[in-house]
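Protein chains: 2
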Amino acid sequence: MAKISILGFGTIGQGLAEVIAQNAEVVRRQCGEPIEIAHVLDLREFPDHPLGGLVTHDFNDVLNDPEVSVVVEMMGGSHPAYDFSLAALKAGKNVVTSNKEVVANFGPELLAEAKKKGLRYLFEASVGGGIPIIRAMTSSLAGNEIVEVNGILNGTTNYILTEMKEKGRTMQEALATAQELGYAERDPSADIDGLDAARKICILNALAFGVMIPVDRVDVTGIRDMSLDEILDAEKSGQTVKLIAHAGKKADGSPDLWVRPTRLDKSSPLASVSGVFNAILVRGRSLGDVMFYGAGAGSLPTASAVLADVIDIVRCGDKQPAQQQWRRADA
Amino acid sequence: MAKISILGFGTIGQGLAEVIAQNAEVVRRQCGEPIEIAHVLDLREFPDHPLGGLVTHDFNDVLNDPEVSVVVEMMGGSHPAYDFSLAALKAGKNVVTSNKEVVANFGPELLAEAKKKGLRYLFEASVGGGIPIIRAMTSSLAGNEIVEVNGILNGTTNYILTEMKEKGRTMQEALATAQELGYAERDPSADIDGLDAARKICILNALAFGVMIPVDRVDVTGIRDMSLDEILDAEKSGQTVKLIAHAGKKADGSPDLWVRPTRLDKSSPLASVSGVFNAILVRGRSLGDVMFYGAGAGSLPTASAVLADVIDIVRCGDKQPAQQQWRRADA
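Spelled out as structure tokens, the structure:
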């Protein structure tokens with residue numbers, strides 16, 4: 001029996017509980033033992049949820065339970081998510097997260113602490129929801145020098161651009177529909193101004209090149225001012241406009257990170273990625289182009305990615321392999 | 332210094348030597364040590380190749396070298412590739428292969444022997460060339476019950492179907508072009524009659540469901556008799572014909588494996604996969620659809636996948652994690 005604790009019982013946290021229950025037999029087979037949720041840390045109570053009895057408001061209950069080997073942080077925001085993650089590692093517990101903000105802001109420190117302790121800090125769910133892009137880049141593409149990464153990393157904006165193109169809607173109209181359908185927040189600025197994609201491309205850049213660039217150094221243009229005319233004009237030229245996040249190198253070897261609406265030829269595999277889907281195109285020196293495609297959000301796909309990390313840790317037992325180490329970009 | 336031996340020095344074997352040289356710095360960083368090729372087993376001599384001096388014709392040179400920890404089998408065919416792989420495992424050496432025929436025919440035995448010895452038998456390059464589909468299914472999607480897998484697993488036939496559609500060529504004309512360009516063998520039957528795709532879907536089926544079904548039980552229709560009229564008729568209906576390989580379950584729970592030309596709606600992510608590219612769409616119970624896309628063949632992409640397996644083994648050192656075990660289908 002492997003015991004895990006959940007920090008943050010929002011949609012993804014509850015999704016994780018559901019995915020573990022849905023796939024219990026597969027999980028047991030993959031891990032060699034069942035996974036049991038020992039604590040659910042949240043400020044709220046969940047009296048009607050089957051796991052309501054596991055709720056605690058005190059993080060020390062997690063820290064001081066010697067049987068908990070994995071802490072899953074799905075709180076969102078930098079604090080106290082970072083502080084709790086660091087404390088968990090210091091207390092000898094592996095940490096899994098879906099929190100791209102913490103990975104982008106504090107990944108180097110958390111990976112270094114994990115290394116010091118011989119533990120894992122895993123974050124498959126931080127980019128691309130259920131798409132297994134993180135493990136692909138750390139493991140499957142390990143032998144390749146990565147040349148560049150281009151991705152559609154934000155499903156909300158891809159949905160909006162698809163609606164504009166296919167239904168002739170304006171950005172505002174398509175955004176309103178996205179909000180009605182729950183694809184966009186009431187305050188949609190992190191999506192439509194490109195910050196969400198910028199955080200994710202910083203993580204992919206660190207995976208590709210070993211350096212974490214601060215998000216504020218990414219050159220970001222969102223889709224807030226995208227006009228329907230631009231979309232339709234691109235279509236007339238046989239192209240499609242996508243909000244592309246890019247990580248590569250400039251000619252002088254310095255980092256080249258940007259997020260901006262980009263015209264793609266229809267022959268690009270990214271051009272046919274529609275609606276709320278995400279896709280990441282990785283170019284390796286020997287490998288050429290490989291693309292990963294799937295639901296970039298949604299509680300169950302994202303929780304599936306979290307669960308894959310948990311299983312990886314449980315399955316490896318005391319054989320945890322070495323992992324990424326990132327340096328910070330020079331100031 | 333991690334020492335490996337190469338069995339079979341054809342295009343992929345030579346590609347592996349090239350990829351290791353091209354990415355030496357990345358490999359050293361990923362492994363914590365450089366990788367050195369200790370032997371090249373082949374019936375031929377390669378006097379003009381930089382590694383020509385490593386050529387041996389005697390497999391015992393590999394078996395009896397205690398410093399060789401990984402044997403990379405890229406010989407093709409079932410024998411002696413299977414026999415050498417089994418002997419290497421029995422001698423305490425990890426085995427990596429690109430040989431789909433051996434994995435499809437003898438995967439259960441080789442995985443069992445590897446388990447017995449605490450070694451790894453890895454085969455990322457056996458399906459989809461450089462696309463990291465095997466590791467995705469064994470690791471990233473580990474927590475999900477797989478519902479079905481649909482793939483474009485043969486680049487030659489996808490190239491032919493793309494040529495027919497885009498240039499109005501007949502199957503025979505497009506095949507001739509594929510042969511001129513080196514995309515198809517002089518004897519193209521394994522490709523156009525679907526055997527190559529059938530072997531690969533057997534491997535993906537084993538990964539998804541844990542059972543290796545014999546290739547001759549796959550219901551296979553190739554594209555040998557595909558008429559241009561059928562292709563154009565599908566286009567008129569807004570559809571595209573692709574040679575799809577499918578692994579799933581019938582309503583009674585029995586295996587459902589087939590390879591056949593299939594009409595796809597243009598909205599399917601598989602519909603826009605053109606030319607020699609491959610793609611695999613995996614449907615997970617909680618995850619939904621994820622798709623993996625890339626060059627399905629080519630010596631450098633395929634060698635990149637082989638190298639990722641080698642790095643995985645070297646990096647884990649004495650911490651090799653547990654791996655797949657497959658049973659054979661009941662007779």
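Chains as they are written, first to last, in this note's numbering: chain B, 1 to 331; chain E, 332 to 662. Even for Gly, the Cβ is constructed at its ideal location relative to N, Cα and C.
Contact between the stretch 220 to 233 of chain B and the stretch 125 to 141 of chain B is absent: fewer than 3 CB-CB pairs across the two stretches fall below 8 Å. According to DSSP, residue pairing for E:Val637 in a beta bridge does not occur.
Listed along chain E, the residues sitting closer than 8 Å to B:Phe292 by beta-carbon distance are Val621, Met622, Phe623, Tyr624.
Shown here, B:Ala174 sits in a helix according to DSSP, grouped into three states. Beta-carbon to beta-carbon, E:Val426 and E:Leu420 are separated by about 6 Å, close enough to satisfy the 8 Å threshold.
For E:Lys447, there is no enclosing beta strand (DSSP E); the enclosing alpha helix (DSSP H) has its first and last residue at 431 to 448. The residue among B:Arg328, B:Gln320, B:Leu161, B:Arg224 with its C-alpha nearest the C-alpha of B:Lys116 is B:Gln320. For B:Glu148, the three-state secondary structure derived from DSSP is strand.
By the neighbour-count definition (other C-beta atoms within 10 Å, threshold 16), B:Glu36 is an exposed residue.
In this structure, the straight-line span from the alpha carbon of B:Glu148 to that of E:Arg359 is close to 20 Å.
Around the beta-carbon of B:His39, 16 or more other beta-carbon atoms lie within 10 Å, marking it buried. Assignment of beta-bridge partners to B:Lys242 by DSSP yields B:Thr262. Within chain E, Ser471 have C-beta atoms less than 8 Å from the C-beta of B:Glu124, given in sequence order. In summary, E:Ala578 is buried, with 16 or more beta-carbon neighbours lying within 10 Å of its beta-carbon over all protein chains present. Runs of the alpha helix (DSSP H) lying entirely within the stretch 43 to 96 of chain B and spanning at least 4 residues, in chain order: 59 to 63, 81 to 90. When the five nearest sequence neighbours on each side are left out, the beta carbons in the same chain lying within less than 7 Å of the beta carbon of B:Gln325 are those of Leu111, Ala112, Lys115, in order along the chain. Put simply, the CB of B:Leu287 is near chain E, with a gap under 8 Å to one of its CB atoms.
In the structure shown, E:Lys580 falls within a strand segment according to DSSP collapsed to helix, strand and coil. B:Val19 has a beta carbon lying within less than 8 Å of a beta carbon in chain E.
Within the stretch 471 to 498 of chain E, Ser471, Leu472, Ala473, Gly474, Asn475, Glu476 place their CB atoms closer than 7 Å to a CB of chain B, listed in sequence order.
The beta carbon of B:Glu45 lies closer than 8 Å to those of Gly52, Val55 in the same chain, with the five residues before and after it left out. A distance below 6 Å between beta-carbons, with the five flanking residues on each side excluded, links B:Gly13 to the following residues of its chain, in chain order: Ile6, Met74. E:Gln345 has a beta carbon lying at 8 Å or more from every beta carbon in chain B. Contact check for E:Val458 against E:Lys431 passes: the beta carbons are separated by less than 8 Å. At a cut-off of 8 Å, the C-beta of E:Gly449 has no neighbouring C-beta in chain B. Neighbours of E:Leu638 in chain B, taken as residues whose beta carbon is under 9 Å from its own, are Ala142, Gly143, Asn144, Ser286 in chain order. Within the same chain, Lys3, Ser5, Ala38, His39 come within 8 Å of B:Asp65 by CB-CB distance, once the 5 residues on both sides are set aside.
Spanning the alpha carbons of E:Val546 and B:Leu307 requires a straight line of approximately 33 Å. Counting C-beta pairs with one atom in each stretch, the stretch 188 to 207 of chain B and the stretch 258 to 268 of chain B have three or more that are closer than 8 Å, which means they touch. In this model, B:Ile223 and B:Glu166 are separated by some 17 Å (Cα to Cα). A residue is called buried once 16 or more other Cβ atoms fall within 10 Å of its Cβ, and E:Leu612 is buried on that count.
In the DSSP assignment, the residues bridged to E:Ser336 are E:His370, E:Val402. For E:Phe540, the uninterrupted alpha helix (DSSP H) segment begins and ends at 526 to 540. B:Leu122 is bridged by DSSP to B:Val96.
Interface with chain B (8 Å Cβ-Cβ cutoff): E:Ser603 is included. At least one beta carbon of chain B lies nearer than 8 Å to the beta carbon of E:Ser635.
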